Each structure stands twice: as C-alpha cells, then as structure tokens.
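> Residue numbers (our numbering), protein chains in the order written: chain A, 1 to 337; chain B, 1 to 337. Don't be surprised by glycine CBs; every beta carbon is placed ideally from N, CA and C. All values reported here derive from a predicted model rather than from experimental measurement. If you scroll down you'll find the structure; I have some questions about it.
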DNA sequence: GTCATTTCGTAGACCGTTATACGTAGAACA
DNA sequence: TGTTCTACGTATAACGGTCTACGAAATGAC
C-alpha cells in the first residue's frame, strides 16, 4: 500500500543496533532467557522503550510462542457468553497473555474454518465455548493445539479439558425446588437440536428426567422441544395451550424470558398457578416486569477455570481434566411469591 | 510440547515435492499470480488437496496479505454490537476474508494494546467499533493500517473512514415525533462520560438540543447524565423524582429498558403521562412488558458498509469517506397507545 | 533461419524472530 | 602457572511463506 517511506519498521535489528549489541542479545532479553547481565538487559530495555519496539507476532510465531490464545464462541447473542469471556480475559491478562476471539455463528462449517484459522495464526492454545462440533473432531484439533472446551460435556475425552456448570445437578436441584412448593406437573422447555449428548441442553434434560423419576413424578415428564430460530413463534403454542402445567423449567433464559413475558401478557397467574424457571440468570431476567427465577452458573468462574487449565496445558500438562463449576438459583417472583 | 514426531507439518515444500515442481510454482498457484499454465495449476491443486495443505498465516504475514481483518469492540454487553458484527462477517465472508475479534472492555489502555496486537498479527485492516480512543490516536494507527471506525463520529478525519447512524438526525426526528403528541417537557437521558464530541451519545445530545431549540422548547431542555456503571442505581433517582417530565428520550436502550421497566413498576402512566424512547431497538425492547419504542439504526447495514469501505481501502483507496446510515423508529406502547 | 517476444517455471534473497552451538574472558581451583 | 568452570555474548541456521530476477522454451515476424 503506502510504501512511501523505506524500512520504517522498528525490528529487533534496529534495537540491537541502537543498543550496540547483537540481535541474539536482544532476543534473549525479550524472552528473558538465560545468560544476560543486568547491564545488558538495561541497555536493551532502554533502547526498546526509546524506539517503541514491539516484536512481530508473525515472525515470532514461526518459531516460538505467540502468547495469544484463541477463543471460539458459538454465537454472540446469548447473554451468557460475555460473562464467560470476561472471566477468561481477566485470567489471561494476569498471565500476560492476549486473546483473539472468533464467532462461529452456530455453524459447524464456520467453526471448523475458524479453528483452522487459529491454527494458521499459531495461537498457543484455544478455548472453545459451547462448540457445535462433535467430540471426534474436537479431539482431532486437540491433538494439534492445547484445547479447553467450555459448555460442552465430553467427560471421557482424553485429548482436551472441559469446564461446565453441573447441568445435571443444577436441573435436579431446580426440579426439587419447584416440587417443594407442591407442584407435580412440571414440564421442561428444551430445544429441538439433533440430539447431542454433549449439549448443555441435553444434560439439563437428563437432570430433569432423573429428578422427576426420583420424585415419583415420572408420569408427568414432558419435554417441549422448541425450534432455535423464530424463538417468539416457537413459544406461542405453549402460551396458547389450554391445559397448562404447574411449572415450566427452561433450558435457557433465551427461551424462558420470552415465555414468562408472553405468559404474563396472556394473564397467566405466576407463580400461583404456573411457575417459570430459566437458566443463565441473564440481565433481562432481573427486570421488574420479567422477574424470572434463573439458575446462575457463574460464567466468570467457568471462564477463569478454563483459562487456568489452558495455561497449564500450554505449559506441558497432557492428562485431561474435567471440571464442574457450582452455581446457585436466583429466586425471583416467577417461582415464588 | 509434543514434538514426538519429526516434521509432520505439511508446508509449501511438501506440496512442491509431491507435485514435482518448485516451491515458487506452488506459491504462484496459491496467490494465483501471473505465469502459471493450467496443467501446472491442476497438478499443484491436486497435491494441495491430497495433502490437506494450509498455508501458514504466520509465514505469509511476513511478506504478503493475511486475508484477515481485526474487529475491535468496545465491550460485549451492548446488544447493538452483535448486530454490527454479523453485518461485518457476512460481508467479509463474501470477499473470502476472515475476521479476528477483540474486546476492549471500554478501557483505552486495553484498546491500545489490542490494536497493537492486531498490528503484530499483521491484519490486513481493522474495524473499530465505538472505540474510546481519541481521534489523534486513531489517526496514528490509521497511518499504519487501513482503518474504518464505526459508531464514533470523526467526520473530518482524513486518515480513516467512518460509518455511523445519523445520530443527530435521528434524535431530531424522535424529538419531533414526541412533540407531535403535544409533549413539551421532553428530557434526555445520556451518560456521564468525559465529554467527547465523537461519542454517539454526545451527538444525540446535540440533536436533542438542536431540535428542542428549533421547536421553541429551549426552556425545557434538560439532560440527565447518568453513570455508566451501576446502571440500575443511577436510574432510581430519576424514577423517584416527584416532578416528572412528559417524556424521556434515552441515548441507548441500555438505560432506556431499565428506565421504562422501573417506571412501569412504579406506576408511571406510560405513555399517557410519560413517554419513553430508546436507541438501538434491542431484543428486550420488544418484550410485551417492556414494549419500548426505540430507534433502530440498522447495525447490519452499518457493519456491511464498514466492511465494504475497509476492503476498498485495503485495495489501495486513500481518500477518507464518511458514511451515515439511515434508520427508523420502532414505535411501541412506551411512546404511543 | 535468425532474432525478438512472450510464456512458463525456477533460484534464491528476504521477512523478523527464536534457539542452538560456539567463542571468550575472568574466576576458581589445583 | 596451567586447567577447568561459569557466565555472558555472538554468529547463524531455521521457520514457511512471498516475490524479484532470470533462464529456457515456445511462438511469431521477417
């Protein structure tokens, strides 16, 4: 483009020249490698800051570390994601690492190409948040680059670590809590995704079924699987049906907020006749008119945990760890008066 | 880490060997440069796909293009951002470009370091969404890398392009619309940020003042500047005050949603006595209980426009363009019955 | 048949780092 | 005094591409 000026860029050579030392010496200082005197280190550092030198990642990544990790998000709309990301970034910056984000738009093709991209850019490791990709593919990638997966259950993987909320446990806890108020016809609202054991939504279904059974409410088990797209339209039939259950537990606030909102608008008596509980405790759940009880899965903590695992993996760990993070239910008036 | 196997990586050399041609030949095919016979191109492509070769961005970026642009977001919470990002990504993928995202967390230091990072990774260009950085600094960066700024008014810049909603015009339109219902005591809710002419919030204030004055309502001009943090707490005094105006126009749904929500909860008669209008038309604004009128600034379009500008800039354009994108007001019951 | 021109392909310098393998001076030891 | 360490610096080969020169072959003009 604008090659007007000659070689304007400050490289390691410029610094070396300026400090009157060899390129290798500068490199050693940069990596704080062994065999550098304080005197030399100081001289080099002075030159570095005088010239405003910054090492080129491109060049760096051809041999060593980039000190950058890639974060892949399924999509951007789910309010749970920013929380996780902020947990990751806090932890990363403490370790003097940087991050590069990519958004998969809930499409496996795009996810694949983005992970490839991250490999191409020589990230030191990757954190995949709720990926759509199947375990086998994840393993394939994990063999090429240190990998931690968040919000995707794969407890038997030996190639990568996972961090999750205790989805089964949380769901059982919610069912028990709802039942404690004497409700028996407790239904679940989940999504109609090609069944994938790894999805958090599926794990929540498992917890629901397990606890309903344990409570002797097996006959009331009913899972409404809604379309992911056209959220509002998918919910309408639920709102309109004449025979309402005593409670809806939703796999995510994404659906719960619209459900409780449309329900209230349609004159449901909440919570006396119908209770609604969501998952993720998103900001909108706390609005006075919504006031949706929701399970808070501590995304910040999940992000931090994932980052710690990744960094230790980058440092050479090879055994797989699978962490479940505790959460708690935020009670609100959609559940209890 | 796992350097168990020797040189497993498929490089341009592997491909060259496999196809029985020179490295330069392969490179030419990759860049579809001049001077390649169909025969050779075919041979090389066969080898490439047989070996599953992918060029290393790291190596590539030391000389040529990375075919990747960096996107810098102020933060992640504002629901307007995903819309812009999706506009950008659609347009990018059409041009066979990739993107890398970074999140600035509304902090100039972090923003600076992230842009530096993008330079280090040799992005072909960057799109900055609502950056906090001042124009001078932006210009400094724009001289080093093709830059387009979105959601940040800097109409006189000659170093980079800008894409914005017509904030002044939109605000004037809203004020006129609100006044059409006979309301005169129209107040604005903005944020208490160190005044920066480039902020969209400031531009909206300008529009508000201008139109109020034009309508002869100068005596009613009043701007409530709230803290960005502790949103809910910042709003309470507004909700509690005894002397309410006839309308609040908010710089963003970020505040408007909480305001209309708390207002309704406090028994405001909306819209008969108090009208509330927001900006950005975020998903929660459409919830039945919120039903907030909000100006839709067509983020998708802004993203697409920004991307088109960036690509043309990467291709060598040097003059600066400043685009304003049209939007429209989504009317809802917070404004009109 | 010779010379100029175009087309195709190759050699090899180069980009900015890292990391290995050395060289050297001074200290410690005998 | 000679020998062995140790500590500190340096020279230089990678890393995996791009891209400028340049040579050889094919084509066209006369």
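Hey, is residue 294(B)'s beta-carbon within less than 9 angstroms of any beta-carbon in chain A?
no
> Under a three-way DSSP split, which group does residue 96(B) fall into?
coil
> Give the straight-line distance between the Cα atoms of residue 247(A) and residue 200(B), rounded to the nearest whole angstrom.
44 angstroms
> At a Cβ threshold of 9 angstroms, is residue 233(A) touching chain B?
no
> Does the beta carbon of residue 18(B) come closer than 9 angstroms to any beta carbon on chain A?
no
> Kindly say whether residue 75(B), judged by its beta-carbon, lies nearer than 9 angstroms to any beta-carbon of chain A.
Chain A contact via Cβ: present.
> Verify the CB distance criterion: does residue 89(B) have a CB-CB separation below 9 angstroms to chain A?
yes
> Below 9 angstroms between beta carbons: does that hold for residue 55(B) and residue 315(A)?
no
> By the criterion of Cβ-Cβ separation under 7 angstroms, what are the contact partners of residue 120(A) in chain B?
54, 56 and 57
> Hey, how far is the Cα of residue 221(B) from the Cα of residue 270(B)?
The C-alpha of residue 221(B) lies about 21 angstroms from the C-alpha of residue 270(B).
> In the DSSP assignment, find the unbroken alpha helix (DSSP H) run with residue 116(A) in it and report its ends.
108 to 120
> Below 8 angstroms on the Cβ atoms is my contact criterion, and I expect residue 69(B) with residue 110(B) to pass it. Report the Cβ-Cβ distance as a whole number of Å.
Wrong, their Cβ atoms sit about 19 angstroms apart, outside the cutoff.
> Could you name the residues that DSSP lists as bridge partners for residue 154(A)?
Per DSSP, none; premise fails for residue 154(A).
> Please report how far the alpha carbon of residue 4(B) lies from the alpha carbon of residue 157(A), in whole angstroms.
Residue placement at residue 4(B) cannot be trusted, given a pLDDT of 32 that sits under 50; the coordinates are not used to answer.
> Would you please verify whether the beta carbon of residue 1(B) is less than 9 angstroms from any beta carbon of chain A?
For residue 1(B), the predicted structure reports a pLDDT of 34, less than 50, and the residue's modelled location is therefore unreliable. The matter cannot be settled from this model.
> Do the CB positions of residue 323(B) and residue 162(B) come within less than 9 angstroms of each other?
yes
> Would residue 103(A) and residue 76(A) be called neighbours here (beta carbons separated by less than 9 angstroms)?
Contact flag set, yes.
> What three-state label does DSSP hand residue 187(B) in the structure shown?
strand
> Would you say residue 68(A) faces chain B, with C-beta separation under 9 angstroms as the test?
yes
> Quick one: is residue 98(A) buried, meaning 16 or more other Cβ sit within 10 Å of its Cβ, or exposed?
buried
> Determine, for residue 284(B), whether the minimum Cβ-Cβ distance to residues of chain A falls below 9 angstroms.
yes
> Under a three-way DSSP split, which group does residue 320(B) fall into?
coil
> Whose C-beta lies closer than 7 angstroms to the C-beta of residue 291(B) among residues of the same chain, with five residues either side of it excluded?
332, 333 and 334
> From residue 18(A) to residue 57(A), what does the alpha carbon distance come to, in whole angstroms?
21 angstroms
> Roughly how many angstroms lie between the CA atoms of residue 40(B) and residue 170(A), to the nearest whole one?
Between the C-alpha atoms of residue 40(B) and residue 170(A) there is a straight-line separation of about 60 angstroms.
> Please report the distance separating the alpha-carbon of residue 153(B) from that of residue 63(B).
34 angstroms
> At the level of alpha carbons, what is the spacing between residue 273(A) and residue 218(A)?
21 angstroms
> Can you look up residue 138(A) in the DSSP assignment and give me helix, strand or coil?
helix
> Rounded to whole angstroms, what is the Cα-Cα separation between residue 38(A) and residue 32(A)?
Taking the straight line joining both Cα atoms gives about 11 angstroms.
> Since residue 228(A) and residue 193(A) should fall inside the 8 angstroms C-beta cutoff, what is the C-beta to C-beta distance between them, to a whole number of angstroms?
7 angstroms
> Three-state secondary structure (DSSP) at residue 149(A)?
strand
> Please classify residue 297(B) as buried or exposed, where buried requires at least 16 neighbouring CB atoms within 10 angstroms.
buried
> If you measure beta-carbon to beta-carbon, which residues of the region 20 to 43 of chain A are closer than 7 angstroms to chain B?
none
> Taking the runs of the alpha helix (DSSP H) that are 4 residues or longer, which of them lie wholly in the region 190 to 234 of chain A?
Correct list: 200 to 214.
> List the residues of chain A that residue 346(B) touches, going by C-beta distances under 7 angstroms, in chain order.
Outside the displayed range of chain B (1 to 337) lies residue 346(B), so it cannot be described from this structure.
> My assumption, with CB atoms under 8 angstroms, is that residue 36(B) sits in contact with residue 29(B). Please give the rounded CB distance.
6 angstroms
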